[in-house]
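Here is the structure we will look at.
Encoded structure:
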């Protein structure tokens, strides 16, 4: 009798809702895009300097996308899924 009652009480409940996971995937995509934009810019020849490493995309845009992605992740974790 007690075992049956315990099984009824221990239903699996998800901590996050569908909305939380949607925002988490958006945040992960933002972070991944930021890291992709940050990549590259090196030179094949180590004796030749490539000023492309200091472009707007790598210095400003990509880090801001990564920070925005982390902000979205925090929002997704703190979002109340039960609130309508």
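Residue numbers (the numbering used here): 5 to 88.
Note that CB positions come from ideal geometry on N, CA and C, so glycine has one too.
Closest Cα partner of residue i within the set the options
i: residue 82; options: 31, 18, 24, 17; result: 24
i: residue 30; options: 85, 86, 87, 77; result: 77
i: residue 54; options: 84, 65, 45, 27; result: 45
i: residue 59; options: 87, 41, 69, 48; result: 41
i: residue 87; options: 16, 15, 20; result: 20
i: residue 84; options: 15, 16, 22; result: 22
Which of helix, strand or coil DSSP assigns to residue i
i: residue 24; result: helix
i: residue 29; result: helix
i: residue 60; result: helix
i: residue 72; result: helix
i: residue 35; result: helix
i: residue 66; result: helix
i: residue 85; result: coil
i: residue 78; result: helix
Burial state of residue i (16 or more Cβ within 10 Å)
i: residue 33; result: exposed
i: residue 43; result: exposed
Integer Cβ distance of residue i from residue j, believed to fall under 8 Å
i: residue 18; j: residue 79; result: Wrong, their Cβ atoms sit about 18 Å apart, outside the cutoff.
Counting Cβ pairs closer than 8 Å, one from the stretch 61-79 and one from the stretch 36-53, do we hit at least three? yes
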